[in-house]
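*Asks:* For reference, the structure I am asking about is given below.
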Amino acid sequence: MFSLSVSVKWERRLKIILGGLWMLFIGLSIIFPTYWIVLTSLKKPTEILERPPIYFIDYLSFHSYKNVWTNPVIDFPGWLLNSFVISISATIVATLVASVAALAFTRLRFPGQKRLGVLVFVAYLIPASLLFIPMYLMLAQVNLLESKVGLITVYISFTLPFIVWMLRGYFQTIPKDLEECAMIDGCSRIGAWVRVVLPLAAPGIAAASIFAFTNAWNEYLFAWTLGGAASRTAPVGLTRWVFLDMFFWGELSAGAVFLAIPAVLMYLLGQRFIVSGLTGGAVKG
Amino acid sequence: MTTSTAAPIRNTPRISREHRNWILAWALVAPTLILVFAVVAYPTGYAIWLSFHKFIIGQLDRPYVGMANYIKVMGEPFFWESFVRSVKYVGVAVPLKLFFGLVTALVLNERFRGRGWLRALVLVPWALPPLTSVMTWKFIFHDTTNVLSTLLIFLNIIEKPISFIGLPQYAMNSAILVNVWRGFPFFAITLLAGLSPIPEELYDAAKVDGANVIQRFFAVTLPGLWPVALVSTTLSTIWTLNEFPSIYLLTQGGPFKSTMTLALSGYFTAFVHGSRHLSHAVIYSLGLVPLMIVLIAILARAMARREEQSLA
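Taken in order, these protein sequences are the chains called A and B. First residue of the first sequence? That's 8 in the working numbering, and the numbers climb one at a time after it. First residue of the second sequence? That's 5 in the working numbering, and the numbers climb one at a time after it.
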């Protein structure tokens, strides 16, 4: 395809054209579905199922938003609140427990350290599709099926290993000299951790919690199979706008857009930290 | 210790500094350990236990039945059909995600105006809750309005509207498309992070030696990117194998079971189909375990090697 003598200038031009075309294609394929759901949520009810579909509107209707917020039977605000309470609880518990464990993993040497690290990582990989059936029986045995506490406990199964793994990587990047200085200045070891390491790790802890929260916020399988009236989360609740073969696309879209806003914001906020955390030691820098 | 007054006689054995550290370390990891045991290890063991017992909801008698559940479930064509569909779903979706993610990462690694915005945009499909993205695609595919078909007809790509999720011959590919759409940003972002530490001098040296774009890609980019690509691909394979919402919300495994992967088969056997035979249901999820073990082993080795390198 390319001869060895292809000039640097032409190579550069070709790169710009091909790269530009590629990003145009990728950009449009991301923007179109996103545009479509926002558009649908702002259409008048009569426009939504029009054939051929209407790709542009000149009038914004908030009918669907109003419906999704005020429907007395399909309690979207209540389920958003459930989503929030369950996700935030599972995140806080996991963050507290994981921060302490990450200190031990990166600041101390103890027998079994490596194996425990592997164990936590394997735990992170055990999928919900394997856990939901035994979880269903376990929650039933302790009468926590369909309860918020039950769902919070189950969500810890993915928030906790995730945060431990992310923080382990992040804590390793904090130099040990600083706390050694603090200890020479008379701090106890734990004092040095509290006063030196944890404040430095705060951005990492915040990012890990943000992602864990978003994963819990987006979760579907556990919420669908183990939740009930008292613990119905917003993603599961929204499917109530589907009656057999009838899709209330306006209301579904409005709810789905609303659900997506915090998730997208949080990902954008924490994206700088996620990469090094997710791939563990594989990505440096 | 060098006190002038007489030291009090210790009648307890002295705990060395090292042992004190061990105790402290174990005290710090204990809460994590206990929780991981309770919500991950124990249920995993429970799933395996279930697979060897006869467990039906509403029946108190749960006798040990040996391999009977495995023989029953794996003796049915439905299990192997689901298995093949899972393999197809993963086998097509993961390489596509890797390809789209890699090319996007290579482009985003160049310096140009608006790069920050594009990076943020690429992250969006990954950040969206499955309910939002999958329901959007469902509407776009749906044949009551033909959103996508109309667009493709307008662009002269197809002639007649296609029922993307209404017909078995298209449904699996549509489900794969949704998965690729949702999953390629993960590759783009991780591979982009893997590209940035490759030093510019290596490219310059290759240029001086007369290597063209393609040769430079294979000589410089690929070796530098390989470890990240391996980890991302393995992680994504595990997630894709067990994907539930992006198929369930799109097609519920239909039409005519054409998108019924193992992850969905387990759910339907446990919660939807009449018998509610949970011991049978877990076998659908456990059917993926041998494959998962291989993947996890690859991942653990790759990680360990990297960690040794970064310590050295």
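For each residue, glycine too, the CB sits at the ideal point set by N, CA and C.
So with Cβ pairs under 9 Å, would you call A131 (chain B) a contact of chain A?
*Replies:* Here residue 131 (chain B) refers to the residue found at position 127 when the second sequence is read from its first residue. Yes, contact with chain A.
*Asks:* Less than 9 Å between the C-beta atoms of F87 (chain B) and L268 (chain B), yes or no?
*Replies:* Walking along the second sequence from the start, residue 87 (chain B) turns up at place 83. Walking along the second sequence from the start, residue 268 (chain B) turns up at place 264. Cβ atoms of F87 (chain B) and L268 (chain B): not closer than 9 Å.
*Asks:* For H277 (chain B), count neighbouring C-beta atoms within 10 Å of its own C-beta (all shown protein chains included) and say buried if the count is 16 or more, exposed if not.
*Replies:* Along the second sequence, one-based indexing puts residue 277 (chain B) at 273. H277 (chain B) is exposed by the Cβ-count criterion.
*Asks:* Within 10 angstroms of its Cβ, does K183 (chain A) collect 16 or more other Cβ (buried), or is it exposed?
*Replies:* Mapped onto the first sequence, residue 183 (chain A) falls at position 176. By the neighbour-count rule (16 or more Cβ atoms within 10 Å), K183 (chain A) is not buried but exposed.
*Asks:* With a CB to CB cut of under 6 Å and the five nearest residues on each side skipped, what residues in its chain are close to K291 (chain A)?
*Replies:* As a position in the first sequence, residue 291 (chain A) is number 284, starting the count at 1. Unreliable positioning characterises K291 (chain A) in this predicted model, as indicated by a pLDDT of 37, which lies under 50. The coordinate reading is nonetheless provided below. Taken in chain order, the list of residues that qualify is empty.
*Asks:* Which same chain residues, not among the five before or five after S48 (chain A), have their C-beta less than 6 Å away from its C-beta?
*Replies:* What you label residue 48 (chain A) is simply residue 41 of the first sequence in a count that begins at 1. Contacts found: S71, S260, A261 and V264.
*Asks:* Using a C-beta to C-beta distance shorter than 7 Å, which residues of chain B count as neighbours of F117 (chain A)?
*Replies:* To locate residue 117 (chain A), count along the first sequence from 1; it is residue 110. Correct list: N25, W26, A29 and W30.
*Asks:* Per DSSP, Y68 (chain B) is paired with what?
*Replies:* One-based indexing of the second sequence puts residue 68 (chain B) at position 64. DSSP output for Y68 (chain B) lists B:H57 as bridge partner(s).
*Asks:* Write down the C-beta distance between S289 (chain B) and A51 (chain B) rounded to the nearest angstrom, noting that I regard them as a contact closer than 8 Å.
*Replies:* Taking the first residue of the second sequence as position 1, residue 289 (chain B) is located at position 285. Taking the first residue of the second sequence as position 1, residue 51 (chain B) is located at position 47. With 8 Å as the limit, S289 (chain B) and A51 (chain B) qualify as a contact, their Cβ atoms being about 7 Å apart.
*Asks:* Using the DSSP secondary-structure output, state which residues sit across from H281 (chain B) in a beta bridge.
*Replies:* The sequence position of residue 281 (chain B) within the second sequence is 277, counting from 1. Paired residues: B:I60.
*Asks:* Between which two residues does the alpha helix (DSSP H) holding G193 (chain A) run?
*Replies:* Working through the first sequence from its first residue, we reach residue 193 (chain A) at position 186. First-last for G193 (chain A): undefined, no H or E at that position.
*Asks:* If we define contact as Cβ-Cβ less than 9 Å, is A316 (chain B) a contact residue for chain A?
*Replies:* Within the second sequence, the letter at position 312 stands for residue 316 (chain B). Any answer about A316 (chain B) is weak, because its pLDDT of 44 lies below 50 and its placement is not dependable; what the coordinates show is given next. Chain A, which has no Cβ nearer than 9 Å to the Cβ of A316 (chain B), makes this no.
*Asks:* Near I300 (chain B), which residues of its chain fall below 6 Å by C-beta distance, leaving aside the five closest residues on each side in sequence?
*Replies:* Within the second sequence, numbered from 1, the residue matching residue 300 (chain B) stands at position 296. None.
*Asks:* Does the beta-carbon distance from T113 (chain A) to I181 (chain A) come in below 9 Å?
*Replies:* Counted from its first residue, the first sequence places residue 113 (chain A) at position 106. Counted from its first residue, the first sequence places residue 181 (chain A) at position 174. Result yes, Cβ atoms of T113 (chain A) and I181 (chain A) sit closer than 9 Å.
*Asks:* Go to Q219 (chain B), then tell me how far its alpha helix (DSSP H) extends in each direction, as first and last residue.
*Replies:* If you number the second sequence from 1, residue 219 (chain B) lands on position 215. It spans V217 to R220 - the alpha helix (DSSP H) in which Q219 (chain B) sits, taken as one unbroken run.
*Asks:* For M253 (chain A), write down the residues that DSSP places opposite it in a beta bridge.
*Replies:* Taking the first sequence and counting its residues from 1, the one referred to as residue 253 (chain A) is at position 246. M253 (chain A) pairs with A:F250.
*Asks:* Look at the Cβ atom of N73 (chain B), then the Cβ atom of L137 (chain A), and state whether they are nearer than 9 Å.
*Replies:* As a first step, residue 73 (chain B) is located in the second sequence; it is residue number 69 there, counting from the start. As a first step, residue 137 (chain A) is located in the first sequence; it is residue number 130 there, counting from the start. Cβ distance not < 9 Å, so N73 (chain B) and L137 (chain A) don't count as in contact.
*Asks:* Which runs of the alpha helix (DSSP H) at least 4 residues long sit entirely within the segment 164–204 of chain B? Give them in chain order.
*Replies:* Taking only runs of at least 4 residues, the alpha helix (DSSP H) segments lying wholly in the segment 164–204 of chain B are 172–199.
*Asks:* May I ask you to report which of helix, strand or coil DSSP gives L72 (chain A)?
*Replies:* The residue labelled residue 72 (chain A) in the question sits at position 65 within the first sequence. It is Tyr, not Leu, that sits at residue 72 (chain A) in the sequence shown. Looking at Y72 (chain A) - three-state DSSP - the assignment turns out to be helix.
*Asks:* Pairs of beta-carbons, one from the segment 204–220 of chain B and one from the segment 56–69 of chain B, closer than 8 Å: are there three or more?
*Replies:* As far as the Cβ criterion goes, the segment 204–220 of chain B does not touch the segment 56–69 of chain B, which means the pair count is below three.
*Asks:* For I300 (chain B), go through chain A and note every residue whose CB falls closer than 8 Å to its CB, in chain order.
*Replies:* Against the second sequence, residue 300 (chain B) aligns to sequence position 296. Residues of chain A passing the Cβ test: V129 and L132.
*Asks:* Nearest-angstrom Cα distance between R116 (chain A) and T166 (chain A)?
*Replies:* Residue 116 (chain A) sits at position 109 when you count from the first residue of the first sequence. Residue 166 (chain A) sits at position 159 when you count from the first residue of the first sequence. One C-alpha to the other measures close to 25 Å.
*Asks:* For I202 (chain B), which residues from the same chain have a beta carbon less than 6 Å from its beta carbon, with the 5 sequence-adjacent residues on both sides left out?
*Replies:* Within the second sequence, the letter at position 198 stands for residue 202 (chain B). Hits under 6 Å: G228.
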